[in-house]
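Residue numbers (our numbering): 798 to 1091. See below for the structure under consideration.
Right, dumping it as structure tokens:
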């Protein structure tokens, strides 16, 4: 260890280099040197959890234990979900919790890296699903891959958060440039799924955007709320069914996405100015001439 300290001091004073020094198992014969080489693996495991440059002797840590298995209890899925929903603060908090858990359990570096890679790969997949050019993101990821085996878990955690923050900013920039298109896509989605339970949160998740952002963009581009548009589509579809089928009113309510027929009737009056029964009586034969609401 004295020699290691001297080498470390020399490199710093003469070369301005800070290095880690790992010293393997002490052996008595040259033929057993391979045992010393193999023991470096344990030193590397310990180094992974050191916040500063270190001198690590195998004989000092030979009784240390590192876990080869780790159950994250859904932590990675929660992190990816937070990213998908653009919940930046929640995402960062979850990453920090994951790192704390990995440090507490002292997993081998390979297991920790596997979890980090899983998060990054999923983030890039989400961006790719949004039809975005992720070439700049891939360059950022390549830089991370170059250093992941040369630093500690704390630095890797910082790089992971930086990477995903970059991806969130990148995604928001793309969304701002594509705000008109997201409104058009949303309307198309509503027209194709009006018979299902449509919540703004579910639509936003389908397009990998924040619900508040989607609602704001829709109101900005169309001058009305997204819920207003959903109701317009449903009532217009209900008019078509009332005019061209003999389905009962409660059946039509379910067919256009309303679970409660009374609520459907109240919405119909709000948007059409008359009850479903009144509309059917008056328009049974003339629906095709009616203008659409949207």
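Here a beta-carbon is modelled for each residue, glycine too, at the ideal position from N, C-alpha and C. None of the values given here were measured: they were computed from a predicted structure.
TODO: Go to residue 819, then tell me how far its alpha helix (DSSP H) extends in each direction, as first and last residue.
DONE: Reading the chain shown from its first residue, position 22 is the one you call residue 819. Taken as a continuous stretch (DSSP letters only), residue 819 belongs to no alpha helix (DSSP H), being part of the beta strand (DSSP E) at 818-820.
Open item on the list: To the nearest angstrom, how far is the alpha carbon of residue 808 from that of residue 909?
Closed with: Counting from 1 along the chain shown, the entry for residue 808 is found at position 11. Counting from 1 along the chain shown, the entry for residue 909 is found at position 112. One C-alpha to the other measures close to 31 Å.
Task: Run of the alpha helix (DSSP H) containing residue 995, from where it starts to where it stops - done: Mapped onto the chain shown, residue 995 falls at position 198. Here residue 995 belongs to no alpha helix (DSSP H), and DSSP marks it neither H nor E.
Task: Residue of 994, 982 and 916 minimising C-alpha distance to residue 962 - done: Taking the chain shown and counting its residues from 1, one reaches residue 962 at position 165. That would be 916, whose Cα lies nearest to the Cα of residue 962.
TODO: Can you tell me which of 936, 904, 877 and 1051 puts its alpha carbon nearest to the alpha carbon of residue 891?
DONE: Taking the chain shown and counting its residues from 1, one reaches residue 891 at position 94. Ranking the options by Cα distance to residue 891, first place goes to 877.
Task: Beta bridge counterpart(s) of residue 756 as assigned by DSSP - done: Outside the displayed range of the chain (798 to 1091) lies residue 756, so it cannot be described from this structure.
- [ ] May I ask which residues mark the beginning and end of the alpha helix (DSSP H) holding residue 814?
- [x] Position 17 of the chain shown, counted from the start, is the residue given in the question as residue 814. Premise fails: residue 814 is in no alpha helix (DSSP H) and is neither H nor E.
Task: Those residues which DSSP pairs with residue 852 across a bridge - done: Residue 852 sits at position 55 when you count from the first residue of the chain shown. Answer is 818, bridged to residue 852.
Task: Span separating the alpha-carbon of residue 912 from that of residue 862 - done: For the purposes of this step, residue 912 is identified with residue 115 of the chain shown, where counting begins at 1. For the purposes of this step, residue 862 is identified with residue 65 of the chain shown, where counting begins at 1. Distance between the alpha carbons of residue 912 and residue 862: 20 Å.
Task: Stretch-stretch touch, CB-based, cutoff 8 Å, three pairs: the segment 871-885 with the segment 814-833 - done: no
Task: Integer-rounded CB distance, given that residue 995 should sit under 8 Å from residue 1006 - done: Taking the chain shown and counting its residues from 1, the one referred to as residue 1006 is at position 209. Taking the chain shown and counting its residues from 1, the one referred to as residue 995 is at position 198. That belief does not hold up - the Cβ atoms of residue 1006 and residue 995 are roughly 15 Å apart, past 8 Å.
Open item on the list: Let's see if you can read the secondary structure: which residues bound the alpha helix (DSSP H) around residue 1051?
Closed with: One-based indexing of the chain shown puts residue 1051 at position 254. Unbroken alpha helix (DSSP H) run through residue 1051: 1046-1052.
TODO: Compare the Cα-Cα distances from residue 864 to each of 889, 900, 847 and 854 and report the closest residue.
DONE: Indexing the chain shown from 1 puts residue 864 at position 67. With distances taken between Cα atoms, residue 864 lies closest to 900.
- [ ] Pull up the distance between the alpha-carbon of residue 893 and that of residue 954, whole angstroms please.
- [x] Counting from one through the chain shown, the residue named residue 893 turns up at place 96. Counting from one through the chain shown, the residue named residue 954 turns up at place 157. Near 8 Å, if we compare the C-alpha coordinates of residue 954 and residue 893.
Open item on the list: Which same chain residues end up closer than 8 Å to residue 846 when comparing Cβ atoms and leaving out the 5 residues on each side of it in sequence?
Closed with: By 1-based counting over the chain shown, the position of residue 846 is 49. For residue 846, where only same-chain residues beyond five positions count, the Cβ hits under 8 Å are 900, 903, 949 and 950.
Task: C-alpha distance - residue 1033 paired with residue 1018, whole-angstrom precision - done: Counted from its first residue, the chain shown places residue 1033 at position 236. Counted from its first residue, the chain shown places residue 1018 at position 221. If you take the alpha carbons of residue 1033 and residue 1018, they lie about 21 Å apart.
Task: Nearest to residue 824 (by Cα), restricted to the options 834, 815 and 816 - done: Your numbering for residue 824 matches position 27 in the chain shown. When only C-alpha atoms are compared, the closest one is 834.
Task: Assigned secondary structure, residue 954 (DSSP; H/G/I helix, E/B strand, else coil) - done: Looking up residue 954 in the chain shown gives position 157. Residue 954: helix per DSSP, three-state reduction.
- [ ] Locate the alpha helix (DSSP H) running through residue 875, then write down its first and last residues.
- [x] Start at 1 with the first residue of the chain shown, and residue 875 comes out as number 78. Run containing residue 875: 872-881, per the alpha helix (DSSP H) assignment.
Task: Enclosing alpha helix (DSSP H) for residue 1041 [first to last residue] - done: By 1-based counting over the chain shown, the position of residue 1041 is 244. Per DSSP, residue 1041 belongs to the alpha helix (DSSP H) from 1023-1041.
Task: Nonlocal neighbours in the same chain, by C-beta distance under 6 Å from residue 1008, ignoring five residues either side - done: Numbered from its first residue, the chain shown carries residue 1008 at position 211. Answer for residue 1008: 997, 998 and 1001, listed in chain order.
Open item on the list: Considering Cα atoms alone, identify which of 938, 966 and 967 is closest to residue 956.
Closed with: In the chain shown, residue 956 corresponds to position 159, counting from 1. Minimum Cα distance to residue 956 is reached at 938.
Task: Sequence-distant residues of the same chain with beta carbon closer than 8 Å to residue 1068, five excluded per side - done: Here residue 1068 refers to the residue found at position 271 when the chain shown is read from its first residue. If we look at residue 1068 and ignore the five residues flanking it on each side, its Cβ neighbours are 1028, 1029, 1032 and 1090.
TODO: With a 10 Å radius around its C-beta and 16 neighbouring C-beta atoms as the bar for buried, classify residue 981 as buried or exposed.
DONE: To locate residue 981, count along the chain shown from 1; it is residue 184. That one is exposed.
- [ ] Tell me whether residue 871 is buried or exposed, calling it buried when 16 or more other Cβ atoms sit within 10 Å of its Cβ.
- [x] The residue labelled residue 871 in the question sits at position 74 within the chain shown. Residue 871 should be labelled exposed.
Open item on the list: Considering just the uninterrupted stretch of the alpha helix (DSSP H) at residue 1012, what are its terminal residues?
Closed with: Locating residue 1012 in the chain shown gives position 215, counting from the first residue. Start and end: 1008-1019.
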